[in-house]
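Single-structure report; data block below.
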Amino acid sequence: MPSSRSLPHAALGLLSLLAVPVLAACGDDSSPAGASVGVSAKDDACVVEKTDLQAGTTTFKVKNEGSKVTEVYVYAEKDGKFTKVVSEVENIGPGTSRDLKVKLSGGTYEIACKPGQKGDGIRQKVTVAGAAASTSEDGAYDREIEVAVSAAGVTGLDGAKATKGEKIEFKLENTTDGTRTLEVLDPSGKVVEEFDVAAGKDGEAVVELAQSGTWTVKVEGGTAEVEKPLPVS
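Just so you know, we're using the working numbering here: the sequence shown kicks off at 43 and counts up by one.
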């Protein structure tokens, strides 16, 4: 085989051109579709390895480096706020890892780490390059209503309201010593969702509020039975 010294100048030039795209690709800081992106969930931080992504499927590899059980959510924008849940992974214990695989279209999202599995979480914004979703594309659900039941009573339902067609995840945190039940009833009084939550556990269910009117949310069991209206306009 001839050495590079014996190759014609034209051949050497062709080799140089072929090498250029490879070198250029090494300088791209965005994460390609189908890539894995590390997420470090701490008690006071949510560190996302890459914040510039490509449209398509991305696997967020979540590691809980905090001292509390955590959960991680991907939120899309709705009405100017990042409340629309695209995907989530829950019950990640301290020192453990879980994967969150999600298909993202072009746009801006927020990754939220929630130490203690409560509240709005610690958030990191990410940008996804590529085609935007159509307006008819749905996420997993639109938002959450978090309800907590303890020996002192039930919180989280006062003042709650919704819009017709919304998909709401009702989440019940049970810190009592017995099983509690959450029911969602439509305006006619029909039970459209019901689930039990064991003592010291959390439970959730997604309900589509398909009609306007006054819905009802009940928490039953023990001495802390509560019934609250949920106006849907």
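Virtual Cβ for every residue (Gly too), placed ideally from N, Cα, C.
Contact belief for Y115 with A154 at Cβ below 8 Å, rounded distance in angstroms: The residue labelled residue 115 in the question sits at position 73 within the sequence shown. The residue labelled residue 154 in the question sits at position 112 within the sequence shown. Yes, they are in contact, since the Cβ atoms of Y115 and A154 sit about 4 Å apart, within 8 Å.
Would you report the Cα separation of P273 and L199, rounded to the nearest angstrom? Residue numbering aside, residue 273 sits at position 231 when the sequence shown is read from its first letter. Residue numbering aside, residue 199 sits at position 157 when the sequence shown is read from its first letter. Rounded to whole angstroms, P273 to L199 spans 11 Å at the Cα level.
Where the beta strand (DSSP E) through E152 begins and ends: Counting from 1 along the sequence shown, the entry for residue 152 is found at position 110. Unbroken beta strand (DSSP E) run through E152: G149 to C155.
Between the CA atoms of S129 and L251 - distance to the nearest angstrom: The residue given as residue 251 occupies position 209 in the sequence shown. The residue given as residue 129 occupies position 87 in the sequence shown. Computed Cα separation, rounded: 20 Å.
Count the other C-beta atoms from every protein chain shown that fall within 10 angstroms of the C-beta of D244, then say buried if there are 16 or more, exposed otherwise. Along the sequence shown, read from residue 1 onward, the residue named residue 244 stands at position 202. Buried: at least 16 other Cβ atoms inside 10 Å.
Taking contact to mean at least 3 C-beta pairs separated by less than 8 Å, is the segment 255-267 in contact with the segment 217-231? yes
Go ahead and label A193 buried or exposed: buried means 16 or more other beta carbons lie within 10 angstroms of its beta carbon, across all protein chains shown. Stepping through the sequence shown from its first residue, residue 193 is reached at position 151. By the neighbour-count rule (16 or more Cβ atoms within 10 Å), A193 is not buried but exposed.
Within the continuous beta strand (DSSP E) that includes S275, where are the two ends? By 1-based counting over the sequence shown, the position of residue 275 is 233. Run containing S275: none; DSSP gives neither H nor E here.
Using 10 angstroms around the beta-carbon of N133, count the other beta-carbons present and answer buried if the total reaches 16, otherwise exposed. Within the sequence shown, the letter at position 91 stands for residue 133. Exposed.
By how many angstroms is the C-alpha of E246 removed from the C-alpha of T218? Locating residue 218 in the sequence shown gives position 176, counting from the first residue. Locating residue 246 in the sequence shown gives position 204, counting from the first residue. For T218 and E246, the distance between alpha carbons rounds to 17 Å.
Taking the C-alpha atoms as reference points, what is the distance between V144 and A97? On the sequence shown, position 102 is the one that residue 144 refers to. On the sequence shown, position 55 is the one that residue 97 refers to. Those two C-alpha atoms are separated by around 10 Å.
Just to confirm, are E186 and E211 a CB contact at a threshold of 8 Å? Within the sequence shown, the letter at position 144 stands for residue 186. Within the sequence shown, the letter at position 169 stands for residue 211. Yes, the Cβ-Cβ distance between E186 and E211 is below 8 Å.
Can you tell me whether DSSP reads G135 as helix, strand or coil? As a working mapping, residue 135 is identified with position 93 in the sequence shown. Coil at G135, not helix or strand.
Burial state of A240, where buried means 16 or more other Cβ atoms lie within 10 Å: Residue mapping note: residue 240 aligns to position 198 of the sequence shown, counting from 1. Exposed, since its Cβ has fewer than 16 Cβ neighbours within 10 Å.
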